[in-house]
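As structure tokens, the structure follows; a few thoughts come after it.
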Amino acid sequence: VSMGRAVALPPLCALALALAVGGEAGTPPVGEEGDNPFKQDGDQTAECYAWAADGQCKLNPSYMLSSCKYSCFEWFTHRRTTYPTAPIDKHFYCHTWASSGECLSNRAFMETGCPESCKDRWADTDEGSAPAKPTERPTKAKRGRRKRRRSKMDTLQKEL
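In mature numbering (1 follows the signal peptide of the UniProt record, and there is no 0), the protein residues as written are -25 to -1, 1 to 135.
Below you can see the structure in the form of structure tokens.
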């Protein structure tokens, strides 16, 4: 449903728009997102809300966040209020924040506000961050092996 004139934004404008609404770079706005700021612009096509309901705002953010801003904002608001405790993105700008590195630099906020967008980014860093714990104690050398190794080393040193 088009709510007004359509405005085409370059792909990187989503970040600029997030910063304009959210404040400084790297600082997501805290609190409610309020009324849809894209009400004036609307969507570029009538299919936008159906695509948003189908999950395309998350799956295809480059197109959806520039061409279907109104519907994506409405859909994220609907999900946030309908499922307040579910591990889903609760903010319209989650994808933008995740792409700009907020999952790691602002993890406390992103864990509650944008868990879907950060899930893969955390999996990559969490796997490599801590060494795996051994499942068994290491086995010791068999009895007498240490003496044989030591005598062999002594023999080699004498030959030198």
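Ideal Cβ placement from N, Cα and C applies to all residues, glycine included.
Collapsed DSSP secondary structure at residue i in the structure displayed
i	result
A25	helix
Q15	coil
T20	coil
D129	helix
Length of the line joining the Cα atoms of residue i and residue j
i	j	result
F70	A25	Correcting the residue type first, residue 70 is His in the shown sequence and not Phe. One C-alpha to the other measures close to 19 Å.
P90	P62	6 Å
P3	G17	The predicted model places P3 with a pLDDT of 37, which falls under 50 and marks its position as unreliable, so this point remains unresolved.
W97	W72	14 Å
D95	L79	11 Å
Y38	T57	25 Å
A83	L40	25 Å
P59	N81	20 Å
Cutoff 6 Å; reference residue i; Cβ partners in own chain excluding five residues on either side
i	result
F51	F67
Check: Does the region 8 to 18 come close enough to the region 44 to 62 that 3 or more CB-CB pairs lie under 8 Å?
Finding: Result yes; three or more Cβ-Cβ pairs closer than 8 Å.
Item checked: Start-end ranges of the alpha helix (DSSP H) lying completely within the region 38 to 95, minimum 4 residues -> Taken in chain order, the complete alpha helix (DSSP H) segments of 4 or more residues contained in the region 38 to 95 are 44 to 57, 69 to 74, 77 to 80, 82 to 88.
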